[in-house]
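Colleague: If you're matching them up, the sequences are chains V and Z in order. Taking my numbering, the leading residue of the first sequence gets 166, the next gets one more, and so forth. Taking my numbering, the leading residue of the second sequence gets 975, the next gets one more, and so forth. Glycine included, C-beta positions come from ideal geometry on N, C-alpha and C. Source: prediction; values computed, not measured.
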Amino acid sequence: GENVEQHPSTLSVQEGDSAVIKCTYSDSASNYFPWYKQELGKRPQLIIDIRSNVGEKKDQRIAVTLNKTAKHFSLHITETQPEDSAVYFCAASKERGDTGRRALTFGSGTRLQVQP
Amino acid sequence: ETGVTQTPRHLVMGMTNKKSLKCEQHLGHNAMYWYKQSAKKPLELMFVYSLEERVENNSVPSRFSPECPNSSHLFLHLHTLQPEDSALYLCASSQKTRPQETQYFGPGTRLLVL
């Protein structure tokens, strides 16, 4: 099955700096890669996703890059703010058959702390 | 709350108890999922239901029994659990129509097994 590894497990940055979180996946058939943000005591919330037909996607201060050949994808947060502090999870999935069924395999999470 | 709701939000049970977790989605989705989130571990997929049919079961112990009576409701029946089953149980839903496959999570049920 799919295996997703995520690094680093913790990341501390100063407000205004950039943060980068990296994930690798094992199944070359995976084609959908979402990122979730989970604040303390709250549910995971999708913040950005990318599909295998594109190499980069941006949404304001957040961007995700995908390298299919190397089987890794990264989350980039620029101009970090204290409210960016949370645990971030990457995930990978693939579509199974004609039914479109898929399930997410998650990375172990990165705890991001933005120091004011 | 709208979207995906879960009840109860917190549950404490003994190892001999039987309880059920409930998930309800108000998004018109046709697929629902149960995940387990333990401390310092990745979210672990437990069950996937698509169109009310269980399509994936990640070798979960039989003391966890899911039920999906319709596309809006998902239950997780618990019996004779172990202390190591204490975790946050998250429900999610999605619309299995290509190309969209975004999963939306509920707030979770924090379970403590004594």
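Going by CA-CA distance only, name the one from Lys222/V, Glu180/V, Gly181/V, Gly206/V that's closest to proline 199/V.
Modeller: For the residues Lys222/V, Glu180/V, Gly181/V, Gly206/V, the minimum Cα distance to proline 199/V belongs to Lys222/V.
Colleague: Is the CB of proline 1073/Z under 8 Å away from at least one CB in chain V?
Modeller: Any reading at proline 1073/Z must be qualified, since the residue scores a pLDDT of 47, below 50, and its modelled position is unreliable; the value itself is stated next. Chain V contact via Cβ: present.
Colleague: DSSP three-state label for threonine 1076/Z, please.
Modeller: Threonine 1076/Z: coil per DSSP, three-state reduction.
Colleague: Do isoleucine 212/V and tyrosine 201/V have their C-beta atoms within less than 8 Å of each other?
Modeller: Their beta carbons are under 8 Å apart, which means isoleucine 212/V touches tyrosine 201/V by this criterion.
Colleague: Tell me, which residues are paired with arginine 1028/Z by DSSP?
Modeller: According to DSSP, which records beta bridges pairwise, arginine 1028/Z is partnered with Tyr1023/Z.
Colleague: What do you get for valine 1022/Z, buried or exposed, if any count of 16 or more other CB atoms within 10 angstroms of its CB means buried?
Modeller: Buried, since its Cβ has 16 or more Cβ neighbours within 10 Å.
Colleague: Just the Cα atoms here: how many angstroms apart are arginine 1072/Z and serine 1033/Z?
Modeller: In this predicted model, arginine 1072/Z has a pLDDT of only 48, less than 50, meaning its place in the structure is not dependable enough to derive any value.
Colleague: Tell me whether the beta-carbon of glutamate 1018/Z lies closer than 8 Å to the beta-carbon of cysteine 1042/Z.
Modeller: The answer is no: Cβ separation not under 8 Å.
Colleague: Let me check understanding here. Comparing Cα to Cα, which of Gln179/V, Ser239/V, Glu167/V, Gly166/V lies closest to glutamate 248/V?
Modeller: Closest by alpha carbon: Gln179/V.
Colleague: DSSP three-state call for glutamate 204/V: helix, strand or coil?
Modeller: It is coil, neither helix nor strand.
Colleague: Taking three-plus beta-carbon pairs below 8 Å as touching, is the segment 986-997 of chain Z in contact with the segment 226-246 of chain V?
Modeller: No, because fewer than three Cβ pairs between the segment 986-997 of chain Z and the segment 226-246 of chain V fall closer than 8 Å, the two stretches do not touch.
Colleague: So, for isoleucine 215/V: in the same chain, excluding its five sequence neighbours on each side, which residues have a beta-carbon less than 7 Å away from its beta-carbon?
Modeller: Here the set comprises Phe198, Lys222, Val229, Leu231, Phe238.
Colleague: Which of the three DSSP states is assigned to proline 1040/Z in this structure?
Modeller: Looking at proline 1040/Z - three-state DSSP - the assignment turns out to be strand.
Colleague: For the pair the segment 172-187 of chain V and the segment 265-281 of chain V, tell me if three or more CB-CB distances fall below 8 Å.
Modeller: Yes, the segment 172-187 of chain V is in contact with the segment 265-281 of chain V.
Colleague: Between which two residues does the beta strand (DSSP E) containing asparagine 218/V stretch?
Modeller: Taken as a continuous stretch (DSSP letters only), asparagine 218/V belongs to no beta strand (DSSP E), as it is neither H nor E.
Colleague: Specify the secondary structure class of proline 199/V as computed by DSSP and reduced to three states.
Modeller: Proline 199/V: strand per DSSP, three-state reduction.
Colleague: Could you say which of Gln203/V, Tyr253/V, Gln171/V, Arg208/V lies nearest to arginine 983/Z if we only look at CA atoms?
Modeller: Comparing Cα positions, the closest option is Arg208/V.
Colleague: Let me make sure I understand the geometry here. Which of Pro1016/Z, Ser1067/Z, Tyr1063/Z has the alpha-carbon closest to that of glycine 1002/Z?
Modeller: It is Ser1067/Z whose Cα lies nearest to the Cα of glycine 1002/Z.
Colleague: Assign methionine 1020/Z to one of two classes, buried (16 or more other C-beta atoms within 10 Å of its C-beta) or exposed (fewer than that).
Modeller: The residue in question, methionine 1020/Z, is buried, as its Cβ has 16 or more Cβ neighbours within 10 Å.
Colleague: Return the residues of the segment 209-221 of chain V that lie within a Cβ-Cβ distance of less than 8 Å from chain Z, sorted by chain order.
Modeller: Taking 8 Å as the Cβ-Cβ cut-off against chain Z, the residues of the segment 209-221 of chain V that qualify are Pro209, Gln210, Leu211, Asp214, Arg216.
Colleague: Along chain V, in chain order, which residues have C-beta atoms closer than 9 Å to that of glutamate 1026/Z?
Modeller: Going along chain V, no residue has its Cβ under 9 Å from glutamate 1026/Z, so there is no contact; the nearest lies around 13 Å.
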